[in-house]
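Encoded as structure tokens, the structure appears first; notes follow it.
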Amino acid sequence: MSNRRKDSVSSLERLEQIQYIDNLKNRIFKKGLKYHIVTYGCQMNVHDSEKLAGMLHEIGYTQTDDQRQADLILFNTCCVRENAELRVYGNVGALKSFKQANPNLIIGICGCMMQQNDVSEYIKSTFPFVDLIFGTHNLHRFPLLLLQAMDSNQTVIEILDTEGAVVEHVPAKRAKEVSAWVTIMYGCNNFCSYCIVPYVRGRERSRLKDDILSEIHELAGRGYKEVTLLGQNVNSYGKDLNHKYLFHNLLRDINEINGIQRIRFMTSHPKDLSDELIQTMAECDKVCKHLHLPIQAGSNRILHSMNRKYTREDYSGLVGKVKAVIPEIALTTDIIVGFPGETENDFLETLEIVEQVRYDSAFTFLYSPRKGTPAEKRKDQIPQDAKKDRLLRLNDAVNRISLEKNLAYIGRNVEVLVEGVSKNRTDVLTGRTDTNKTVNLKGDSDLIGKIATVEITNAHSWSLEGRVAVPADLL
Ligand code: SAH
Ligand code: SF4
Ligand code: F3S
32 MSNRRKDSVS SLERLEQIQY IDNLKNRIFK KGLKYHIVTY GCQMNVHDSE
82 KLAGMLHEIG YTQTDDQRQA DLILFNTCCV RENAELRVYG NVGALKSFKQ
132 ANPNLIIGIC GCMMQQNDVS EYIKSTFPFV DLIFGTHNLH RFPLLLLQAM
182 DSNQTVIEIL DTEGAVVEHV PAKRAKEVSA WVTIMYGCNN FCSYCIVPYV
232 RGRERSRLKD DILSEIHELA GRGYKEVTLL GQNVNSYGKD LNHKYLFHNL
282 LRDINEINGI QRIRFMTSHP KDLSDELIQT MAECDKVCKH LHLPIQAGSN
332 RILHSMNRKY TREDYSGLVG KVKAVIPEIA LTTDIIVGFP GETENDFLET
382 LEIVEQVRYD SAFTFLYSPR KGTPAEKRKD QIPQDAKKDR LLRLNDAVNR
432 ISLEKNLAYI GRNVEVLVEG VSKNRTDVLT GRTDTNKTVN LKGDSDLIGK
482 IATVEITNAH SWSLEGRVAV PADLL
């Protein structure tokens, strides 16, 4: 059953769907069905998975960590680099034996990868045991599609070509209890020449301010202390609406919401980082002093062919401005090495700017050709060995600087919002500083959800260690 819809979708449609689903809930409740979602990619996808989980809980499913116990396994995919895709194919392939052992198991694949031409057909023919395939624009239709898949012995495929309206009222089952993701806009208009995101996520669509603010009010009411506002380029929030209410206006309004103590956001495109935003960050006490400002490359020639629309001088100027207005700011970035045509000299310019800015941390990537993007068509691709060599040298610099910056925290008292128990060690709590440093600390679990004053006792490239300096009951 292949059904490629071109019409737009609305919140109303989602509400109608809920009524329909309501009638079918019993089917799932009675059987006590369990789901397991595997998520790849960025925070946007992580939050989409929270919505997928929210819809599943609404119809009576419960979560399991054990794939073998699951009646539904769903892969929410990413295609930003080839290795993300290869992992999906490998992991889906491995489920064949699960399906043989349990023919009632439903296997679904959704997310960015499915929006690419031919991927859904390829999956259908290579992995015929997959029951359901859908894309990014019809996430809210998941319950309906799932029920179709349950009743069909063929792969149900629904991928919309166009993004349609922003759909509200999709419930989320949030994985964390202190800090919540809030998507404020969808899509991207920038078409960086290496990037697949605009093709699989559509054009920029901002959520209405009232919808965002009421969601955050509700989160505050449920005890959330921190929100992270998500968008591929949050700096252009509102520009597709009336242009009168922009990202800095939104930040100021969220800053007034009682109960929310910290506001974070990502990602900021340097070309859209306004003076008003810098000023707002400085003036709003709840807005964290951390800015993720992807540079991608340090050479003007490469920046130009990446279609980034700023020069290294523009970027350095911005960093200077931000550091002058907010001296305690932590800066992080994304960097790609081995973009087509990148020479050793271009790469040295990237290293140079890394030394200049002294990032608190950086995500570094090997350039990965993405089908359908302008950069993929170029003849001057860089050999894999040269890319890897550059990545190693870049990581050496990035990690050295991160460590130096983190070592400077030792002996200092910092405010840490304690978010939960560490993933690796159940006797250790974990939280973050205003500057987005992860801090692991020994302490009582009633610190979770509180901002504790913590003395930093040790530092690594990616995290800090500390001990509570002010007891929880004095906070
Ligand atoms: N919208 C955000 C992030 C998008 S994807 C932004 O513009 O910053 C996250 C990061 O993946 C990008 O910043 C970029 O560094 C990296 N990336 C995107 N496409 C890539 C590709 N084809 N190869 C390697 N890295 C890529
Ligand atoms: Fe991709 Fe560029 Fe858009 Fe970021 S701004 S999502 S890198 S096209
Ligand atoms: Fe995110 Fe990957 Fe899609 S980075 S937007 S999940 S392609």
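Start counting the sequence shown at 32; every next residue gets the next number (the numbering used here). Just so you know, even glycine gets a beta-carbon here, dropped at the ideal spot from N, CA and C. Note that this is a predicted model, so its numbers are computed, not measured.
Using only the alpha-carbon positions, how far apart do Lys-402 and Pro-174 sit? On the sequence shown, position 371 is the one that residue 402 refers to. On the sequence shown, position 143 is the one that residue 174 refers to. Lys-402 and Pro-174: Cα-Cα distance of roughly 31 Å.
How is Lys-37 classed by DSSP in three states: helix, strand or coil? Looking up residue 37 in the sequence shown gives position 6. Low per-residue confidence applies at Lys-37: pLDDT is 35, beneath 50, and the placement is therefore not dependable enough to give any value.
To test your reading of the DSSP string, which unbroken beta strand (DSSP E) runs of 3 or more residues are found completely within the segment 345-431? 361-368 and 392-397
Nearest neighbour of Asn-444, chosen from Thr-484, Asn-467 and Gly-480 [CA to CA]: In the sequence shown, the residue the question calls residue 444 occupies position 413. Nearest C-alpha to Asn-444: Thr-484.
Cut-off 6 Å between Cβ atoms - residues of its own chain near Leu-334, not counting five sequence neighbours on either side: For this step, residue 334 is matched to residue 303 along the sequence shown. Excluding sequence neighbours, Leu-334 sits near Ala-328.
Quick one, are the C-beta atoms of Leu-448 and Glu-257 less than 8 Å apart? For the purposes of this step, residue 448 is identified with residue 417 of the sequence shown, where counting begins at 1. For the purposes of this step, residue 257 is identified with residue 226 of the sequence shown, where counting begins at 1. Cβ distance < 8 Å, so Leu-448 and Glu-257 count as in contact.
Alpha-carbon spacing of Ser-492 relative to Asn-426, whole angstroms: If you number the sequence shown from 1, residue 492 lands on position 461. If you number the sequence shown from 1, residue 426 lands on position 395. So the alpha carbons of these two residues sit roughly 11 Å apart.
Give the straight-line distance between the Cα atoms of Arg-238 and Gly-142, rounded to the nearest whole angstrom. Looking up residue 238 in the sequence shown gives position 207. Looking up residue 142 in the sequence shown gives position 111. Their Cα atoms are separated by approximately 20 Å.
heavy atom of ligand 2 below 7 Å from Cys-223 C-beta: Residue mapping note: residue 223 aligns to position 192 of the sequence shown, counting from 1. Indeed, a heavy atom of ligand 2 lies less than 7 Å from the Cβ.
Can you find a heavy atom of ligand 1 that lies under 7 Å from the Cβ of Phe-296? Locating residue 296 in the sequence shown gives position 265, counting from the first residue. No, ligand 1 has no heavy atom inside 7 Å of this Cβ.
Going by Cα to Cα distance, which pick from Arg-339, Glu-446, Gly-442 and Leu-478 is closest to Cys-219? Counting from one through the sequence shown, the residue named residue 219 turns up at place 188. Taking only the C-alpha atoms, the option nearest Cys-219 is Arg-339.
Grab the span of the alpha helix (DSSP H) containing Met-181 for me, first residue to last. What you label residue 181 is simply residue 150 of the sequence shown in a count that begins at 1. 173-181 is the extent of the alpha helix (DSSP H) around Met-181.
Do Ile-138 and Val-111 have their CB atoms nearer than 8 Å? Along the sequence shown, one-based indexing puts residue 138 at 107. Along the sequence shown, one-based indexing puts residue 111 at 80. For Ile-138 and Val-111, no; Cβs fall outside 8 Å.
Have a look at Ser-39 and Tyr-92 and give me their C-alpha separation to the nearest angstrom. For the purposes of this step, residue 39 is taken as residue 8 along the sequence shown, with counting starting at 1. For the purposes of this step, residue 92 is taken as residue 61 along the sequence shown, with counting starting at 1. Model confidence at Ser-39 stands at a pLDDT of 41, short of 50, so the residue's coordinates are unreliable; what they give is reported in the following sentence. Straight-line Cα distance between these residues: approximately 28 Å.
Are there 16 or more other CB atoms within 10 angstroms of the CB of Tyr-323, so buried, or fewer, so exposed? What you label residue 323 is simply residue 292 of the sequence shown in a count that begins at 1. Inspection of the sequence shows that residue 323 is occupied by His rather than by Tyr. It counts as buried.
On a Cα-Cα basis, can you pick out the residue from Gln-98, Asn-471 and Ala-490 that is closest to Gly-442? Here residue 442 is taken as the residue at index 411 of the sequence shown, counted from 1. Selected option, being the one with the closest Cα: Ala-490.
May I ask you to report which of helix, strand or coil DSSP gives Thr-259? Within the sequence shown, numbered from 1, the residue matching residue 259 stands at position 228. It is a strand residue.
Pick out the complete beta strand (DSSP E) segments inside the segment 132-198, 3 residues or longer, and give them in chain order. 137-142, 163-165 and 187-189
If I'm right that Leu-495 touches Ile-487 with Cβ under 8 Å, what's the distance once you round it to whole angstroms? Taking the first residue of the sequence shown as 1, we reach residue 495 at position 464. Taking the first residue of the sequence shown as 1, we reach residue 487 at position 456. Confirmed, Cβ separation roughly 5 Å.
Residue environment, Asp-391, which counts as buried when at least 16 other CB atoms sit within 10 Å: The count along the sequence shown starts at 1 and reaches residue 391 at position 360. Burial call: buried.
DSSP three-state call for Ala-483: helix, strand or coil? Walking along the sequence shown from the start, residue 483 turns up at place 452. Strand.
Segment contact flag, the segment 269-282 with the segment 310-320, C-beta cutoff 8 Å, min 3 pairs: yes
Rounded to the nearest angstrom, how far is the Cβ of Lys-320 from that of Glu-359, given a contact under 8 Å? In the sequence shown, counting from the first residue as 1, residue 320 sits at position 289. In the sequence shown, counting from the first residue as 1, residue 359 sits at position 328. Their Cβ separation, rounded to whole angstroms, is 5 Å, which keeps Lys-320 and Glu-359 in contact under 8 Å.
Let me check you understand the geometry: is the CB of His-200 closer than 7 Å to at least one non-hydrogen atom of ligand 2? As a first step, residue 200 is located in the sequence shown; it is residue number 169 there, counting from the start. His-200: no, Cβ never under 7 Å from ligand 2.
Could you give the residue range of the beta strand (DSSP E) that holds Arg-234? Looking up residue 234 in the sequence shown gives position 203. Taken as a continuous stretch (DSSP letters only), Arg-234 belongs to no beta strand (DSSP E), as it is neither H nor E.
Buried or exposed: which applies to His-168, given that a residue is buried once 16 or more other Cβ atoms fall within 10 Å of its Cβ? As a working note, residue 168 is residue 137 in the sequence shown. By the 10 Å Cβ count, His-168 comes out buried.
Note down, in chain order, each residue of its chain lying with its Cβ closer than 6 Å to the Cβ of Lys-468, except the 5 sequence neighbours on either side. Translated into the one-based positions of the sequence shown, residue 468 becomes position 437. The residues are Leu-495.
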